[in-house]
Structures are given as C-alpha cells and as structure tokens.
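Using the UniProt record's numbering, read the sequence shown as starting at 1 and increasing by one per residue.
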Amino acid sequence: MSIQNREIAAIFEEIADLLEIEGADAFRVRAYREAARLIPGLAEGLAERVANGADLTELPSIGEAIAKKIAVIVETGRLPQLEEVRRRVPPSLRELLQLGGLGPKRVKALREALGVASLADLRQAVEAGKVHELPGFGEKTEAQLRERLARWQGPSSRTPLIEAEELVRPLVEHLRGGPGILDLAVAGSFRRRRETVGDLDILVACDDGAAVAERFVGYDAVAEVLSHGETRASVRLRSGIQVDLRVVPPVSWGAALHYFTGSQSHNVAVRRRGVERGLKISEYGVYRGEEAIAGRTEESVYTAVGLPFIVPELREDRGEIEAGERGALPDLVTLDDIRGDLHAHTDASDGHDSLAAMAEAAAALGYEYLAITDHTKHLGVAHGLDAKRLAAQIAAIDRLNERLAKRHEGRFQLLKASEIDILEDGSLDLPDEILARLDLRVASIHHRFDLPEHRQTERVIRAMDNRHVNILAHPTGRLIGAREPYAIDLERVMRAALERGCFLELNAQPSRLDLTDLACQQAKELGLKVAISTDAHSRAGLERMRLGIGQARRGWLSADDVINSRGLAALRRLLRRA
Ligand code: DGT
Ligand code: CA
Ligand code: CA
Ligand code: ZN
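This is the structure:
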C-alpha cells in the first residue's frame, strides 16, 4: 500500500509556502507550487509510476529535481527538505497560513514590516491598526483579518469528502485483501455524502473480528493506533484523519450499518418509532423482548418500524421519516440521469485541456452535450476571453461540432457558452451582441465579495435582468473551509431567478459544492430548477459530477429538478427565456 498523489502534493505545497515565507528564490518556489497543483489531477498514482520505473519528467511541470523528490517520498513516505524547512520556520508562523486569508507572500510582508510571527502578534498589529498601512493590505484586508481572528478556533478538523474518498479507497482495498470479509461499507457521514467528514467509519461483517482489526491497524498509512480490540479499532492516518473500524457478525449487518450510517438524530427518530412499537433497536439488531426480529439487512430495520427504505443522503431528520410514512419520499436524482455538463473551462482561459480533449472526455462519459464556459475578460488572472476571442471560439466550436457529429453519429455536441463575470454594478462583462450568439450563458461573481447584502443581492438580480443570462453559477461564492459565502439574500435571488426563467447552479467542485444541501431543498420548495455542473478545469474535473449528485440528493432533488437531466432538445426549450 503506497503513498497517494494528494499526500505528495501536500508535501510540495507546504514546502512552497514555507520557502516563500522565508523569501527563497521565486523559481524554486514555483517548481514546488506547479508540482503541487498538477499532481492531484493525475489519473495514475505516482507511487505506481515510480514502482514501474516510469520517467516522471514526461509529466508536464515535473523536472529532474522534483522527479527525484517524488521518488524519495514514494520510497520513504517523507521528504528531508520539508523537515529542514519546517525546522527553520517556527510553527507559530505556519499557523498564520492556516488562519486563511493570508498567503505566504503576505505572511512574509507582515513578518518583515511588523515583526508578526504568530497569531497573537497579528492580533496586536490588527488592534493597533498597523496592518492597513502596509502596501498591498488596506482597510478592507485589515477588517477581514479582524473578523477571521475573532472566529478562529484552530485549524479545521473536518476533511473534504473528496479527500476522504481518496484516503479510504486504498484502505478498503487493503481490508478486502484479507480473508473472511463478508460485507464491508464505509458508513457515517461519508455514506450520507456530507460535504466534509469528521472521521471515517468502516463497518465489516465477518466471523473473525480479531483478524480484521489486526489487518486494519497494520495498514501502512496508519500513523497512530488510538485503540485496538477484538471487534473494533481506531487509528489516525498520516493525513491526520481518524478512522474507526467496527466488525459485526452477519446477522447484525443491517442493524449495524443503519446505526453507523447515522445521522445520530435520524437514528434517534427511528429508535423512537421502535419504542412506540414495543421494539428495541441497537447496532446488533431489532428486538422484541429477547427475540431478534430484524437486523440482517437495513431494509428489515425500516420495515420493522413501518417505514420504506430511506437512502443514506436523506438521513438527517429533516422530514424524511414523515415523508417515508406518507409514502412521499422523493425519487432522487442519480448520476445516470445526467445527460450533460453545463460549466467547463478549456485552455483558452484557465483550464488545462483543449476544446477537443474536453469534448472527447465528455462524450466518453456518455453525455449528449458539454457547455464550454470559459471566463470573460474581466477575470484577467484566468486569461478571460474578450468578444473577439469568444467569437473565434464560437467559430472553432462550430467547426469541431461538425467533426464530433460524424465521429459520435450525432449523439454528442459542444454548446457554445460563457461564464460571464458580473461586474460590480450588476452589468455583464461582454456586450449583448456576442452573448446572443451563444447557446447558453452562465454568470457569476469573482470579485467584490465584500458588498453589503442588499447590494450584492441587487447586483446578481440585475445581472439576471439581462435576457441572455440562463444560469447563476456558484451562487454564494463560498469555499469550504476557506471562504465564507458572501452576504446575499439567497431566497430573493431564487425568487428573482424563477420570475426571469433563470436557474441556479449547484457547482460540483469539491471545494465549492455551492449550493448547499439546504439551499437545494429551498430551491425545490420554491419550484426553481438547478443545474448540476462540474466547473471542470480539466478532463478529470468532469468526473466530479458525482459530488454534485451527492449534494443534490442530500437536498432532496429529483431528476426533474435538475435541468441537465434533460436531453438537448428539452434543455433548449427550458433555456428559452420569455
Ligand atoms: P462526522 O464523523 O462528524 O462527519 O459524522 P458521523 O455521522 O459520521 O458521526 P460519527 O463518526 O461520530 O458516528 C458515526 C455514526 O454512528 C453516527 O452518524 C451515528 C452513530 N452514532 C455514533 N454515536 C452515537 C450515539 O451516541 N448515539 C446514536 N444514536 N448514534 C451514534
Ligand atoms: Ca464519521
Ligand atoms: Ca466515528
Ligand atoms: Zn467556472
């Protein structure tokens, strides 16, 4: 079992940050940074590549020096250079990075100009009003830092779902490699597809618990064994995440799976129904007196309390029990329902892959369409397109579509689209004439996150007043664990979208998942449909759709609530604004 790409990337990322704080040569910093950016998107494990003796320098952005370091990490699990630079940069200074809102450049500036070397120093400097005087900081930054410091409760202890997926996959393989495993599931919030997980909960059905627990604590990414018994164990992996293991006999499988899937409040509600029927429900089974009457399957647990099976994503005690009772559980959207993706970037703006490569990747997923939504010119850092470049892209897509039609026998096409920047006053970054030539227009905010709520809300509604706009992308701008949503009256935005024939996006990027589950539920209640889109910046990014589906399911959405569950003709009808 070997080190994962994400772990390797994290090592390079940390080195880049620390070197930058130290003021190291920009060239060196960039090499690490580029490697850290590229590696998580690779389809294949670097550890396997090293094991197969492949030449890593064939990968883009990987030079000789980085390739050697990757080999060291793969072989030893560590990198001496990181340990050295960690010794030089005090931990208190590293904490400033975890606060969020300060990159290494700013940490360096604060240290050099004001001698700030810890959160306590920063707090003092902010209170004394010294920070806004530094070049590149300003009043706004100082106010944001003040707010972050007030909210700071230590580094986040929850792990994004996608990281949890990558961490648990090889561990599950490792466990399945052992003898006697009858059933295995990753339960807990992971199975409920929450956007982040506190820890991982693995459940195994097996007659020999001790052997499974032994194999579990022997997994080679285990950094620390927290507890180790006959039928349960807990470990901390090198990444820092905790994993709990429970082993149960097959007769208890369903009851245990139900119990460890949670949520706790859902379990409590189910158990209460059991009590009303004279039943006792535990992780071992459903009992009437001493007799076990159910528990081999999860279905049997629900049947015992007079409910239909409730899917894990709904188990939050947010009305699913009542809906189950009334026979009114929603038929939730699945990945198979998705017919295309409505938000994707190419190397024309800040994506990594060409139009043709993105098209082939989308067709290979079985999609009927992919909307190419490169950024517009206001987003200079992303090399956004002006009207002239967009016109050229339109022509290129028309040409490519002719080839694609032949190649895929009319089953797939690219949609001409754009992710248009919404300017501060709510106007759009490109003129109507060019927008009118597109199949679809997505609009979104990438700057001035700090407007007061009424102005931010007005800004977005004004953008939707433009008859060309179809979809409001990542509607709150939040980045999980890194940036709060901007102040916006989401319900007003939803109502305005509904009145105008616009839709809101559920952005499936793992760090966004914006709309939240609750916002999806709210949209559905208002009758507003949603686009689940990956916002892919590479071919691999298209595969993040599953995360959006998980979030949508947690938000009670059915295929009918999702516009890209439609075939192209039906989608076009939906997109037509009055
Ligand atoms: P997390 O890890 O914070 O993302 O959330 P969960 O839901 O995975 O919570 P966790 O790992 O503490 O426990 C896994 C499941 O086990 C939880 O969803 C429900 C069940 N569970 C744990 N402790 C209790 C308890 O004290 N009472 C009940 N009814 N269920 C519990
Ligand atoms: Ca958990
Ligand atoms: Ca747990
Ligand atoms: Zn985008």
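Beta carbons: idealized from backbone N, C-alpha and C, even for Gly.
- Cβ-Cβ separation between S444 and L472: approximately 7 Å, consistent with a contact (criterion under 8 Å).
- In this structure, the alpha-carbon of G23 lies about 11 Å from that of R106.
- Not one heavy atom of ligand 1 is found less than 6 Å from the C-beta of S282.
- DSSP, reduced to helix, strand and coil, places A35 within a helical segment of the structure shown.
- Here A269 is not near I310, since their CB atoms are 7 Å or more apart.
- Shown here, Q393 sits in a helix according to DSSP, grouped into three states.
- Under DSSP, D317 forms no beta bridge with any residue.
- Counting C-beta pairs closer than 8 Å gives three or more between the stretch 459–474 and the stretch 425–433, which meets the contact rule.
- In the assembly as shown, P91 is an exposed residue. Its beta-carbon has fewer than 16 other beta-carbons within 10 Å.
- Apart from sequence neighbours up to five positions away, the residues of its chain that approach D386 with a beta-carbon distance below 7 Å are K377, ordered along the chain.
- By the criterion of at least three beta-carbon pairs nearer than 8 Å, the stretch 246–257 is not in contact with the stretch 166–177.
- Rounded to whole angstroms, the separation of the alpha carbons of A497 and R577 is 11 Å.
- Each of L355, E484 and S427 was checked against the Cα of Q393, and the nearest Cα belongs to L355.
- Not one heavy atom of ligand 1 is found less than 6 Å from the C-beta of G154.
- Judged by DSSP secondary structure, F309 falls outside any beta strand (DSSP E); it is assigned neither H nor E.
- These are the residues, in chain order, with a beta carbon less than 5 Å from any non-hydrogen atom of ligand 3: D199, D201 and D244.
- Between V235 and V251, the C-beta spacing is not below 7 Å.
- Closest in C-alpha terms to V212, from the list A223, D220 and G229, comes G229.
- Bridge pairing for L370: D341 and L414 [DSSP].
- In terms of Cβ geometry, E424 and V442 do not form a close pair [threshold 7 Å].
- Within the same chain, Q144, L145 and R148 come within 7 Å of G101 by CB-CB distance, once the 5 residues on both sides are set aside.
- Taken in chain order, the complete alpha helix (DSSP H) segments of 4 or more residues contained in the stretch 450–534 are 453–465, 490–500 and 517–526.
- In this chain, the alpha helix (DSSP H) harbouring E147 covers G138 to R151.
- With a cut-off of 6 Å, the C-beta of G188 is classified as near ligand 1, since at least one heavy atom of the ligand falls inside that distance.
- Here R326 is exposed: its Cβ has fewer than 16 other Cβ atoms, across all protein chains shown, within 10 Å.
- Boundaries of the beta strand (DSSP E) around D244: Q242 to V248.
- When DSSP states are grouped into helix, strand and coil, K130 belongs to the coil group.
- Within the same chain, R192, R193, R194, E313, L314, E316, D517 and C520 come within 8 Å of R554 by CB-CB distance, once the 5 residues on both sides are set aside.
- Counting along the chain, L226 sits inside no alpha helix (DSSP H); it lies in the beta strand (DSSP E) bounded by residues V222 to H228.
- For D439, the number of other beta carbons within 10 angstroms of its own is at least 16, and it is reported as buried.
- Secondary structure note for R232: its beta strand (DSSP E) is the uninterrupted segment R232 to L237.
- Judged by DSSP in its simplified three-state form, L99 adopts coil rather than helix or strand.
- Boundaries of the beta strand (DSSP E) harbouring S444: L440 to S444, taken from the DSSP string.
- For A328 against D341, the beta-carbon gap comes to about 31 Å, at or over 8 Å, which does not count as contact.
- Judged by their CB atoms, V74 and V89 are not nearer to each other than the 7 Å cut-off.
- By the neighbour-count definition (other C-beta atoms within 10 Å, threshold 16), E505 is a buried residue.
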